[in-house]
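Before any comments, here is the structure.
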Amino acid sequence: MMFRLLFAAAALAVVGGEHPPAAPTAIVVATARGQATVPVDLGRGHPALAVPRLSELLPISTEIRGDWATVEFAQMPFRFLLNAPIYSHSGETFPLVGGAYSSRDTLFVPLQWLTNDIPRFFGEGFSYDPYAARFEDARFAPIATETSAELSGPAFREAAPASAAARHGFRLIHSVVVDPGHGGRDPGNPGRYLPRGVNEKHITLAISRRLRDRLEARGIEVMMTRDSDTLPDLRDRAPMCHGECDLFVSIHVNSLPRRPGNERVRGFETYFLDDARTADAARVAAMENEALRYETENELNQDDPISFIFKDLHTNEYLRQSAELAEAIQRHGARAHPGPDRGVSQARFAVLGTAGRPAVLVETGFATNRQDAAFLSSATGQQQLAEAMAEGIEEYLKHYEAMILVGTGR
């Protein structure tokens, strides 16, 4: 009886209001990735949406096992009992007017779940206007311009035909935030084999300046989180990439404690934000997160010094793009680096935790290795790494540009 009452209440919530709009034949989904019209399927008697269409713009992944489908939205799992008007989340069961189902190998989820429940679970992160039949990412939804009669994606800035961007094959103007790690009273790691008086903060700034120059030569706009020996708070760095900014790159130098054999470890590696999969990735994150002790206003929970990282779960909308960006930078950076290719990893880096765009952290080499330290402290090594990372960023941006321009007629 209680379940039936809850079910009835949920049904009323869906149609809420005295004159609710009729079920739409399609909804508009708008995020920073662009905008698309998603058809509404009524074949099972209630409005539902095809997950593959939603996943083109929203942070959705799925897994079907037996009678259950797990749908992760921004890494928050929801379990649907197929063909039944319920789903479970965080140990609780929630009623639906109509359930999820699979048709022709395509998973469909109820419109109610996306438009009513997701905004409730994510607070102000997502919203739905039933009269406009529009679901959008509240912070990063595309912005309409006065010259655009119909919203067709992010506010594009087309590259002028004679511009540096156009000469390098870009059709749009792109913007990047480059973050030289550490700075000011935070020297980073002291660099066992770096020249006397040189610390990680000096190397990261030198490489970042060269990276800025190489990107600007390609017509890419660049903002530096610091361009001198200053110390921006970690939580303030990634949010500098907002509005028209496309991505965030944080530059660092790796190191290991003094133990037998550690001085032989060297190489280039790139990280994006996610749970660490290896002990070494966790070590690197812990080392870089030590910078939190220099924060001017550290309000973090002492029992969980980086608890704020996943405060806004929908920032993980960019998890896939961050992984693709990391792969592109790693591919080019590893070719330029004289040490081994250490690959792409993930870990909980505080500096990436507040990112609202694709974001990566690059460990350019080990200051605890003689060869890496010599390479990183040389003008030649810094220039080679900067050019390689610029190539990786260019590759990613061109791929991203091709995706967002599909179907726009541009």
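For the working numbering, count along the sequence shown from 1 and bump the result up by 39. Glycine included, every Cβ here is placed at the ideal spot set by N, Cα and C. This one's a predicted model, so the numbers in the text were calculated from it and none came from an experiment.
Next item on the list: Would you kindly check if the distance between the Cβ of Gly137 and the Cβ of His281 is under 9 Å?
Entry: Position 242 of the sequence shown, counted from the first residue, corresponds to residue 281. Position 98 of the sequence shown, counted from the first residue, corresponds to residue 137. No.
Check: Going by alpha carbons, who is nearest to Ser247 out of Glu434, Ala205, Pro234, His221?
Finding: On the sequence shown, position 208 is the one that residue 247 refers to. Among Glu434, Ala205, Pro234, His221, the Cα nearest to that of Ser247 is on His221.
Checklist line | Which of helix, strand or coil DSSP assigns to Glu440 | finding: For the purposes of this step, residue 440 is taken as the residue at position 401 of the sequence shown. Helix.
Check: Is the region 283 to 301 touching the region 391 to 409, taking contact as three or more C-beta pairs under 8 Å?
Finding: The region 283 to 301, when compared against the region 391 to 409, does touch it at the 8 Å Cβ threshold.
Next item on the list: Tell me, please, which residues DSSP counts as bridged to Arg104.
Entry: Your numbering for residue 104 matches position 65 in the sequence shown. Trp107, per the DSSP bridge assignment.
Notebook entry, point to check: Helix, strand or coil for Gln74 per DSSP?
Noted result: In the sequence shown, residue 74 corresponds to position 35, counting from 1. In this structure, DSSP gives Gln74 an extended state, which the three-state scheme calls strand.
Check: With 16 as the cutoff for other CB atoms within 10 Å, does Pro124 come out buried or exposed?
Finding: Reading the sequence shown from its first residue, position 85 is the one you call residue 124. The residue is buried, with at least 16 neighbouring Cβ atoms inside 10 Å.
Next item on the list: Would you list the one or two residues that DSSP bridges to Ala89?
Entry: Within the sequence shown, residue 89 is the residue found at index 50, counting from 1. DSSP lists Phe147 as partners of Ala89.
Checklist line | Limits of the beta strand (DSSP E) - the one that Ile290 falls within | finding: Along the sequence shown, one-based indexing puts residue 290 at 251. Taken as a continuous stretch (DSSP letters only), the beta strand (DSSP E) holding Ile290 covers 286 to 293.
Note to self: What does DSSP give as the partner residue(s) for Met115 in the beta ladder?
What the structure shows: The residue labelled residue 115 in the question sits at position 76 within the sequence shown. Bridge partners of Met115: Phe112.
Notebook entry, point to check: How do the region 382 to 395 and the region 425 to 440 stand: do at least 3 beta-carbon pairs fall below 8 Å, yes or no?
Noted result: Cβ pair count under 8 Å is below three, so no.
Next item on the list: Please report the residue range of the beta strand (DSSP E) in which Thr403 lies.
Entry: Working through the sequence shown from its first residue, we reach residue 403 at position 364. Start and end: 398 to 405.
Checklist line | The alpha helix (DSSP H) enclosing Leu254, as first and last residue numbers | finding: For the purposes of this step, residue 254 is taken as residue 215 along the sequence shown, with counting starting at 1. Its alpha helix (DSSP H) spans residues 239 to 256.
Check: According to the neighbour-count rule (16 or more other Cβ atoms, all chains shown, within 10 Å of its Cβ), is Pro98 buried or exposed?
Finding: Translated into the one-based positions of the sequence shown, residue 98 becomes position 59. Classification for Pro98: buried.
Next item on the list: Could you tell me whether the Cβ atoms of Gly227 and Leu312 are closer together than 9 Å?
Entry: Mapped onto the sequence shown, residue 227 falls at position 188. Mapped onto the sequence shown, residue 312 falls at position 273. No.
Item checked: Limits of the alpha helix (DSSP H) - the one that Gly236 falls within -> As a position in the sequence shown, residue 236 is number 197, starting the count at 1. Taken as a continuous stretch (DSSP letters only), Gly236 belongs to no alpha helix (DSSP H), as it is neither H nor E.
Margin query: I'd like to know whether the C-beta atoms of Ala425 and Leu233 end up nearer to each other than 9 Å.
Written below: In the sequence shown, counting from the first residue as 1, residue 425 sits at position 386. In the sequence shown, counting from the first residue as 1, residue 233 sits at position 194. Result no, Cβ atoms of Ala425 and Leu233 do not sit closer than 9 Å.
Note to self: So, at 8 Å on beta carbons, what are the nonlocal neighbours of Val77 in its own chain, with the 5 sequence-adjacent residues on each side left out?
What the structure shows: In the sequence shown, counting from the first residue as 1, residue 77 sits at position 38. Ala65, Ile66, Val67, Val68, Leu88, Ala89, Arg92, Leu93, listed in sequence order.
Next item on the list: Could you tell me whether the region 252 to 260 touches the region 270 to 277, using the rule of 3 or more Cβ pairs below 8 Å?
Entry: Look at the beta carbons and you see the region 252 to 260 not touching the region 270 to 277: under three pairs across the two are nearer than 8 Å.
Check: Is Thr243 buried or exposed, if buried means 16 or more other CB atoms sit within 10 Å of its CB?
Finding: Position 204 of the sequence shown holds residue 243. Thr243 should be labelled buried.
Item checked: Beta-carbon proximity list for Pro116, same chain, < 6 Å, skipping 5 on both sides -> Position 77 of the sequence shown, counted from the start, is the residue given in the question as residue 116. Only Thr109 meet the Cβ criterion.
Next item on the list: Answer with buried or exposed for Ala365, where buried requires no fewer than 16 other C-beta atoms within 10 angstroms of its C-beta.
Entry: Residue mapping note: residue 365 aligns to position 326 of the sequence shown, counting from 1. Burial state of Ala365 is buried, judged by a 10 Å Cβ sphere holding 16 or more other Cβ atoms.
Item checked: Arg173 - containing beta strand (DSSP E), residue span -> For the purposes of this step, residue 173 is taken as the residue at position 134 of the sequence shown. Bounds of the beta strand (DSSP E) holding Arg173 are 173 to 176.
Check: CB-CB under 6 Å to Ala367, same chain, minus the five flanking residues each way: which ones, in chain order?
Finding: Numbered from 1 along the sequence shown, position 328 holds the residue referred to as residue 367. Same-chain partners within the cutoff: Gly431, Glu434, Tyr435.
Note to self: I'd like the list of long-range same chain contacts for Asp218, defined as Cβ closer than 6 Å, with 5 residues on each side in sequence excluded.
What the structure shows: The sequence position of residue 218 within the sequence shown is 179, counting from 1. Thr264, Arg276, Ser289, listed in sequence order.
Check: Helix, strand or coil: how does DSSP classify Glu283 here?
Finding: In the sequence shown, residue 283 corresponds to position 244, counting from 1. Coil.
Notebook entry, point to check: DSSP state of Ala61, grouped into three classes?
Noted result: Counting from 1 along the sequence shown, the entry for residue 61 is found at position 22. Ala61 falls in the coil class under three-state DSSP.
Checklist line | N-terminal and C-terminal residue of the alpha helix (DSSP H) that Asp411 is part of | finding: If you number the sequence shown from 1, residue 411 lands on position 372. Segment 409 to 415, the alpha helix (DSSP H) holding Asp411.
Checklist line | Extent of the continuous beta strand (DSSP E) to which Ile259 belongs | finding: Walking along the sequence shown from the start, residue 259 turns up at place 220. Where Ile259 is concerned, there is no enclosing beta strand (DSSP E), because DSSP gives it neither an H nor an E.
Next item on the list: Can you give me the start and stop residues for the beta strand (DSSP E) that Val216 sits inside?
Entry: Position 177 of the sequence shown holds residue 216. Looking at the DSSP string, the run of the beta strand (DSSP E) that includes Val216 is 214 to 219.
Next item on the list: For Lys240, I'd like the list of residues in its chain whose CB is within less than 6 Å of its CB, leaving aside the five on either flank, ordered along the chain.
Entry: Residue 240 sits at position 201 when you count from the first residue of the sequence shown. If we look at Lys240 and ignore the five residues flanking it on each side, its Cβ neighbours are His221, Gly222, Pro226, Gly227.
Notebook entry, point to check: How big is the Cα-Cα spacing for Asn238 and Arg231?
Noted result: Locating residue 238 in the sequence shown gives position 199, where the first residue counts as 1. Locating residue 231 in the sequence shown gives position 192, where the first residue counts as 1. Rounded to the nearest angstrom, the gap between the Cα atoms of Asn238 and Arg231 is 9 Å.
Notebook entry, point to check: Going by the CB atoms, is the gap between Val148 and Ser214 shorter than 9 Å?
Noted result: Walking along the sequence shown from the start, residue 214 turns up at place 175. Walking along the sequence shown from the start, residue 148 turns up at place 109. Going by C-beta atoms, Ser214 is not nearer than 9 Å to Val148.
Notebook entry, point to check: How would you write the range of the alpha helix (DSSP H) that Pro158 sits in, first residue to last?
Noted result: Taking the sequence shown and counting its residues from 1, the one referred to as residue 158 is at position 119. Pro158 -> alpha helix (DSSP H) spans 157 to 160.
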